[in-house]
Each structure stands twice: as structure tokens, then as C-alpha cells.
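> Residue numbers (this note's numbering), protein chains in the order written: chain R, 568 to 890; chain S, 568 to 890.
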DNA sequence: ACCCTTGTGGCCAGGATGTGACCGCAAGGA
DNA sequence: TCCTTGCGGTCACATCCTGGCCACAAGGGT
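#1: Does residue 680(S) come within less than 9 Å of chain R when only Cβ atoms are used?
#2: Going along chain R, which residues have a C-beta under 7 Å from residue 817(S)?
#3: Which first and last residues belong to the beta strand (DSSP E) in which residue 757(S) is found?
#4: By the 10 Å Cβ neighbour count, where 16 or more other Cβ atoms means buried, how is residue 606(R) classified, buried or exposed?
#5: What does residue 772(S) reach in chain R if we use C-beta pairs closer than 9 Å?
#6: When you compare only the Cα positions, how much space is there between residue 728(R) and residue 736(R)?
#7: Closer than 9 Å, CB to CB, is residue 855(R) near chain S or not?
#8: What do you reckon, are the CB atoms on residue 960(S) and residue 585(R) nearer than 9 Å?
#9: Thinking just about the alpha-carbon of each residue, which of 663(R), 724(R), 572(R), 645(R) is nearest to the one in residue 689(R)?
#10: For chain R, find out if any of its Cβ atoms is closer than 9 Å to the Cβ of residue 722(S); answer yes or no.
#11: Would you mind working out which of 780(S), 812(S), 756(S), 833(S) sits nearest residue 620(R), comparing C-alpha positions?
#12: Just the Cα atoms here: how many angstroms apart are residue 706(R) and residue 684(R)?
#13: Looking at the strands, I want to know which residues DSSP matches up with residue 740(S).
#14: Would you report the Cα separation of residue 752(S) and residue 797(S), rounded to the nearest angstrom?
#15: What three-state label does DSSP hand residue 864(S) in the structure shown?
#16: Cα separation between residue 710(S) and residue 668(S)?
#17: Can you name, in chain order, every residue of its own chain whose Cβ lies under 7 Å from the Cβ of residue 595(S), other than the five neighbours on each side?
#18: Taking Cβ-Cβ distances shorter than 7 Å, what residues in chain S pair up with residue 521(R)?
#19: For chain R, check one thing: does any of its Cβ atoms lie closer than 9 Å to the Cβ of residue 890(S)?
#20: When the distance is taken between beta carbons, is residue 591(R) closer than 9 Å to residue 626(R)?
#21: What does a CB cutoff of less than 6 Å around residue 819(S) pick up in its chain, not counting 5 residues either side in sequence?
#22: Using a cut-off of 8 Å between C-beta atoms, extract the partners of residue 586(S) located in chain R.
#23: Assuming contact is defined by CB atoms lying nearer than 9 Å, are residue 860(R) and residue 880(S) in contact in what I supplied?
#24: Using a threshold of 9 Å, state whether the C-beta atoms of residue 792(S) and residue 764(S) are closer than that.
#25: In whole angstroms, what is the alpha-carbon distance linking residue 878(R) and residue 713(R)?
#26: Quick one: residues in its chain with C-beta nearer than 6 Å to the C-beta of residue 867(S), no 5 flanking neighbours on either side, listed in chain order?
#27: Quick one: give me the first and last residue of the beta strand (DSSP E) that residue 722(R) is part of.
#28: Let me see if you follow: with CB-CB separation under 9 Å, is residue 871(R) close to chain S or not?
#29: Any chance the CB of residue 752(S) is under 8 Å from a heavy atom of the ligand ATP?
#30: Out of 571(R), 612(R), 631(R), which one is the CA nearest neighbour of residue 899(S)?
#31: Mind pulling the chain R residues with CB within less than 7 Å of residue 643(S)?
#32: Tell me, which residues are paired with residue 807(R) by DSSP?
#33: Check whether chain R comes within 9 Å of residue 881(S), counting only Cβ atoms and requiring the distance to be less than that.
#34: Of all the CB atoms in chain R, is at least one closer than 9 Å to the CB of residue 591(S)?
#35: Per DSSP, residue 618(R) forms a beta bridge with which residues?
#36: Give every residue of the same chain whose Cβ lies closer than 8 Å to the Cβ of residue 909(R), excluding the five residues on either side of it in the sequence, and list them in chain order.
Written as C-alpha cells, this is what we have:
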């Protein structure tokens, strides 16, 4: 058998996390044990550390090195990864949206159609959070299509709904996608207007790479994120609430998720929580769910308004214990 | 250069989603264009479909086939995948927890320590949902360690806190991890008690594979999930609420996330939503967040109780508009 | 219609290398 | 202590890989 294919097979066998005996491997690969040893050597030279045990029950196993070996995934695993990346890119996990999307684009690129359908089905059936509904969401496949065009330096055509609702068709050289809060923006060179533009991804429809490649222009900003920030002028509103928790600081640190906000001691038995978030609704909800119950010390007007709305809603629901 | 390494390099180049000219590739790989052609052939024979364009600006690019090629990830992408899988395995996405965990174990296995630290840091900084606090959570690394022991058929030692709070040290042959709702269970053969047991992962500490391998015994049940269900006897409580939405069925279908529950028409302009969930708290919260506001028709007592609690909490917070 | 670019694949010759067999050896486990 | 299992050197043989050359096909542009 072809050595290349064999090395790949070997790698995939070793990745299943178990010990493999030399004879076992040589059987599987259809070569002599001596060749297996040589192949293992080859892998080591390529930078993939293979641990080895001698004596009875000895064998080989792949361990962690300094580089990541090519991951050989089976179908289920690939689907799980794609779904995980989708939720992460959708804003479920802050801070890595863009990288997640990039990885997703890479995976999607080579994902057999059959599996892609499975991913779609799963993602649709599970969605992500209830609160997504408030913020216009962007279908993952649109994101991926645009990300691929960015990466492939391929001209992109799409429909765009301007803020005033008028639609238009655009042709751009896509530069980069930027996640900001729960929103996605595309930074691109607009070929019809001969200028840099930012597009809100939730207003963009039917993206279609026309296959024409281009050489990237230089963006008149430090990086794409900076450009978006500058284009938006106003930084997104941060909302804030100050609460007092009936817990000493160390216990509060354990119990309050770090992303909620920052904690400071307020005497030996109480802790102040300065919670911040882009969305007042979300902030109000999370405050309500705090355990143990906190008391509100201060908050921005929007948060107060949101709490009032929330109260009204809960009242309406709770008011009919057995309607 | 070694052909194997070259093929791997080629694969990684093609995975970056762009066209690569033949000369470009031959430069990069340090071989003649003729050899590049042969290598591309080789890849095709291995089952990885390489699209090709001829004429001016022609070149090669990897496309989707029926199998997944080995994924060659850079550091950031690997981290993004690991983080995504963690949240998916943690119950963020229902239905694929076990597969996610399996994939995570595979990745973690080969993840360089440096990257593993980055994943830990990121995961810690972002956590997942607020509500996790209610249900005792299982650290991802514990899950991964146990999953790897299952896969590697390796004896596992760990500390376990029984329901009555007494701790003990166990030595088992781990069989499989099962996700059930938001809880994880380990099905294993207890070597000290000579019997099958299920362990709640949130009560398990310091899992440690001692390197002793075993040959799997046969589980006295159809599969591990069935065994857990049977061991738990009682199915987990489902809670339910019936609501009426001021929307026709088709519009409601668009706006209400599918996982919330099932929709049925209630006249031409209203829709009934039968929302179900394992956790009454979560159910209460999501109902409150429904847009447009729904009216509660009926619900299990726990949901009512939870709504009352929620109302009290919101009242407390909202009661001091400017304390 | 014509030309240019770029991938295709056959053929050849020479050299590199992959392979299995055999060996004595080292390192664990029982 | 013995047995198992991996290690790596050497050898001979067959295989293949490589680069160079070629006539050809398929796009794109003029």
C-alpha cells in the first residue's frame, strides 16, 4: 500500500486514544512490524510525539506535542464540532467568535453535503438562546459564505437592506468579518462606490461569491475591528447595575460567573457587584437569577426601565395561578 | 523532502480555501510542477476531491467530498474548536453532548499544553450560562479525563461523594459516559464491589487513569443510556406550561424557538404553546421573555411556584428605582 | 478566430527509498 | 528468572519517485 496513505491511517489509529500493539498495527496496516516501527519514526520526525511502552502489553499512543497533528475525524465528531463552532460563532462564547467562524469556514469547506445537512438539522432543532430573538440574528451559512469569500479573496455579491429599508445589490471585495457584541459586521471595499464600507450582516441577504479573485487593498485603519469601531462612531451602549450581595468576597467569587461583572468587597460579609452588559434586557434577567438574592444599589435608567417591564410581564403571567 | 510530509503540507495549503496555482505550489513545496500534479493525483486517490481550474488564473482547491480530510488546524482554530466543544458538551447544545465530549477528548489528547492553558483560561472567563449554577456542574477537564479512560480502556481511580455526603475512593473499569438532561453519569464496573455502578459526574473528584488496561465486560443492558435510565428508575421530572400567543400559527412558528415546545393553532389569530422543560426555573424565565407577551393558560404547580418566586425576586429588585 | 496561459498525463532514465528478514539488545511485567 | 514486546542496525531487492520533455485540452482575453 502507498506509504502516504498508510501514515495517515496510522495517525488516525493512534488518535483514537488507546495503546496499540506493534503486531496489532502491522496487521491493520498490512505491513511488517519493522515497517510500523519505521513509520512511527517517520511520524516523530514530522513532529508528532508518539509515546511508547515496552514489555508485556506494550505499544504506541499519540501524546501532546508542540504542534497539532492533522485531526482525523469521523462523521459524528465533525458534526459535533461544526455545531459547537456555530454556537460559539453566534455569540454564545464571547471573545472567539471570529476565530470560530474561521475554523467553521475551514471545516464547512470540506464537509460532505450529507453531513452538512445533519449539521443544519441539528442546529435548527436546538437553536441557541431565547434572547437571540431580540437581536436580529445572522444565519450561520450566510456567515460562513462570507467568511469563505474573505478568506478566498473572492468578489462577493449580495443584497443589502439599508437602514431606511431600501434594498440594493452590492458587489464588493470582502475584507474581514468583525463580531461586535452580538452583531456581525462585514468590512469590504465597495466596487460600485469605490470606497470602504461596513455592512451589518443581519441586513445582508443571498451572499454569492462570483469566483473573481482580487488582491487585497490596504485598509485605512489599524485593523478591521478598529475600522468598524470608528465607522460606528458611538461605542455601543454599556449598561450597568450595582448590586450588593449577602456574601463575603471569596464566596461570591466562587458563585458569581466572572463575565457578569466585577466584584469588590463591601465589608466582611457583603460584596458589591458591578454588572455590565450591552443589553439591558439580558442584564435585568441575569440580576433576577442571582443566587443568593442581591439588592439593587444603582443602575442606569435603561436597566430600571427593563426591570419594570420585566416585573409587569411576570405579574401578568403569575397573576393567574389557575386561569 | 519526504513525500509524506509534502502531501500533508499540500493538504494544509489547499485547506486554506483559495486557489493555488501549480507554480505557486511547486515553489512552496520545493518540487517541480510535474510532481505537484502527481501529488494532487495522489490526494484524489486518497479520496480528497481537489477541484481544478484551467486557463489563466487556474489552479487547485479542495472541495467537499464524501469523507472528511484530515483537518490541519492552526493554534487559534484549535482553541476555538476546543472551547466550542466544551460548551456543547456542557449541555449548551442538546443532543450531541456525548459526541462533543468524544471529539473533545480526541483533540485534548493532542493539544499542546500551551494551547490547553489558553482553552482553560478562555473557558473560565466566559463560562456558559447563569443557570448552570443551579445544577452542579462538572469541570470539563474531569469529563475529558474520564472520557479518555473509557476510550482507552484504562482503569480509573477517583474520589466519590455518596448521596449522604460520605466520601470514598473508587477503582473502576470505566465503560461509558452518559449525558442526561444537564447531568452526566459514568457507567462503570466497580472493581471493589464487583458490580456495575453508575456514578454522578458532579460528585466525582480527581479522576486518575492508572494505566492498567482491561478488556471491556458486557453491560447487562441494551446500551449505557438505557442502563442509566434503568438505574435512575424515575424519569426526570418534566415540567409543562400551556400558553396562548396572540399570533397566527405560521407567524408563531417563525418567532418561537422550536426547542421551547410545540405549537398548535388556537383559532385563526392565536396559537397555543405547550412548553416543556426539565427545569421549572428555566421554564418560568423563558416564558417571561416570550415576545410578544403570552398569557398563561395552565402549568404544573412547580412552574406556578417558580413564577411566584420570580415575581417576588423581580419585585425586590424593581422596588427601589433609586435606592 | 486567434493567442496566451495553465493544467493533463504519457514516457523515460537514473537514483533514491521503502520493504521484509534477520539479528542481538534493552526494558518492563509476572 | 523468564517472557513479552519494542529498538534499531544491516542487507538485498524491488519499487517508486522525481524531473525533464512532450503533445494536448480547456479556459480567458483580444
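Cβ coordinates follow ideal geometry from the N, Cα and C atoms, glycine included.
The structure says:
#1: The residue labelled residue 680(S) in the question sits at position 113 within the second chain. Answer yes: the Cβ-Cβ gap between residue 680(S) and chain R drops below 9 Å somewhere.
#2: Position 250 of the second chain, counted from the first residue, corresponds to residue 817(S). Result: empty, since nearest Cβ-Cβ is about 16 Å, beyond 7 Å.
#3: Here the question's residue 757(S) lines up with position 190 in the second chain. Boundaries of the beta strand (DSSP E) around residue 757(S): 750-757.
#4: On the first chain, position 39 is the one that residue 606(R) refers to. Residue 606(R) should be labelled buried.
#5: On the second chain, residue 772(S) is found 205 positions in, with the first residue counted as 1. Identification of chain R residues near residue 772(S) by a Cβ-Cβ cut-off of 9 Å yields none; the smallest Cβ-Cβ distance measures about 16 Å.
#6: Mapped onto the first chain, residue 728(R) falls at position 161. Mapped onto the first chain, residue 736(R) falls at position 169. If you take the alpha carbons of residue 728(R) and residue 736(R), they lie about 9 Å apart.
#7: Position 288 of the first chain, counting from 1, holds the residue named residue 855(R). It does: the Cβ of residue 855(R) has a partner Cβ on chain S nearer than 9 Å.
#8: Because chain S spans 568 through 890 in this model, residue 960(S) falls outside it and cannot be assessed.
#9: On the first chain, residue 689(R) is found 122 positions in, with the first residue counted as 1. Residue 689(R) has its Cα closest to that of 645(R), out of 663(R), 724(R), 572(R), 645(R).
#10: Looking up residue 722(S) in the second chain gives position 155. At a cut-off of 9 Å between beta-carbon atoms, residue 722(S) makes no contact with chain R.
#11: If you number the first chain from 1, residue 620(R) lands on position 53. Per the Cα distances, 780(S).
#12: Position 139 of the first chain, counted from the start, is the residue given in the question as residue 706(R). Position 117 of the first chain, counted from the start, is the residue given in the question as residue 684(R). If I take the Cα positions, the gap works out to 14 Å.
#13: Locating residue 740(S) in the second chain gives position 173, where the first residue counts as 1. According to DSSP, which records beta bridges pairwise, residue 740(S) is partnered with 756(S).
#14: The count along the second chain starts at 1 and reaches residue 752(S) at position 185. The count along the second chain starts at 1 and reaches residue 797(S) at position 230. Cα-Cα distance, rounded: 13 Å.
#15: Locating residue 864(S) in the second chain gives position 297, where the first residue counts as 1. Strand, per DSSP.
#16: Taking the second chain and counting its residues from 1, the one referred to as residue 710(S) is at position 143. Taking the second chain and counting its residues from 1, the one referred to as residue 668(S) is at position 101. Between residue 710(S) and residue 668(S), the C-alpha separation is close to 8 Å.
#17: Numbered from its first residue, the second chain carries residue 595(S) at position 28. Excluding the 5 residues flanking it on each side, residue 595(S) has same chain C-beta neighbours closer than 7 Å at 580, in chain order.
#18: What is shown of chain R runs 568 to 890, which leaves residue 521(R) out entirely.
#19: As a working note, residue 890(S) is residue 323 in the second chain. At residue 890(S) the pLDDT is 42, less than 50, meaning the model places this residue with poor confidence; the figure from the coordinates comes in the next sentence. Residue 890(S) belongs to the set of residues whose beta carbon lies under 9 Å from a beta carbon in chain R.
#20: Taking the first chain and counting its residues from 1, one reaches residue 626(R) at position 59. Taking the first chain and counting its residues from 1, one reaches residue 591(R) at position 24. At the C-beta level, residue 626(R) and residue 591(R) come within 9 Å of one another.
#21: The residue you call residue 819(S) lines up with position 252 of the second chain. These residues qualify, in order along the chain: 812, 830, 838.
#22: Sequence index remark: in the second chain, residue 586(S) carries index 19 (1-based). By Cβ distance, chain R contributes 719, 780.
#23: Position 293 of the first chain holds residue 860(R). Position 313 of the second chain holds residue 880(S). A contact, by the Cβ cut-off of 9 Å.
#24: Residue mapping note: residue 792(S) aligns to position 225 of the second chain, counting from 1. Residue mapping note: residue 764(S) aligns to position 197 of the second chain, counting from 1. No. Outside cutoff.
#25: The residue given as residue 878(R) occupies position 311 in the first chain. The residue given as residue 713(R) occupies position 146 in the first chain. Here the alpha carbon of residue 878(R) sits roughly 41 Å from the alpha carbon of residue 713(R).
#26: Mapped onto the second chain, residue 867(S) falls at position 300. Taken in chain order, the residues that qualify are 806, 807.
#27: Within the first chain, residue 722(R) is the residue found at index 155, counting from 1. Unbroken beta strand (DSSP E) run through residue 722(R): 721-728.
#28: Working through the first chain from its first residue, we reach residue 871(R) at position 304. Residue contact with chain S for residue 871(R): present (Cβ-Cβ distance below 9 Å to some residue of chain S).
#29: In the structure shown, the ligand ATP is absent, as is every other ligand, since no ligand is present at all.
#30: The structure shown does not extend to residue 899(S), since chain S spans only 568 to 890, so no value can be given for it.
#31: Residue mapping note: residue 643(S) aligns to position 76 of the second chain, counting from 1. By Cβ distance, chain R contributes 666.
#32: Counted from its first residue, the first chain places residue 807(R) at position 240. Residue 807(R) is bridged by DSSP to 843(R).
#33: The sequence position of residue 881(S) within the second chain is 314, counting from 1. Interface criterion met: the Cβ of residue 881(S) is under 9 Å from a Cβ in chain R.
#34: By 1-based counting over the second chain, the position of residue 591(S) is 24. No, residue 591(S) lies away from the interface with chain R (no Cβ there is under 9 Å from its Cβ).
#35: What you label residue 618(R) is simply residue 51 of the first chain in a count that begins at 1. The partner list for residue 618(R) (beta bridge, DSSP) reads 628(R).
#36: Here chain R covers residues 568 to 890 and nothing more, so residue 909(R) does not appear.
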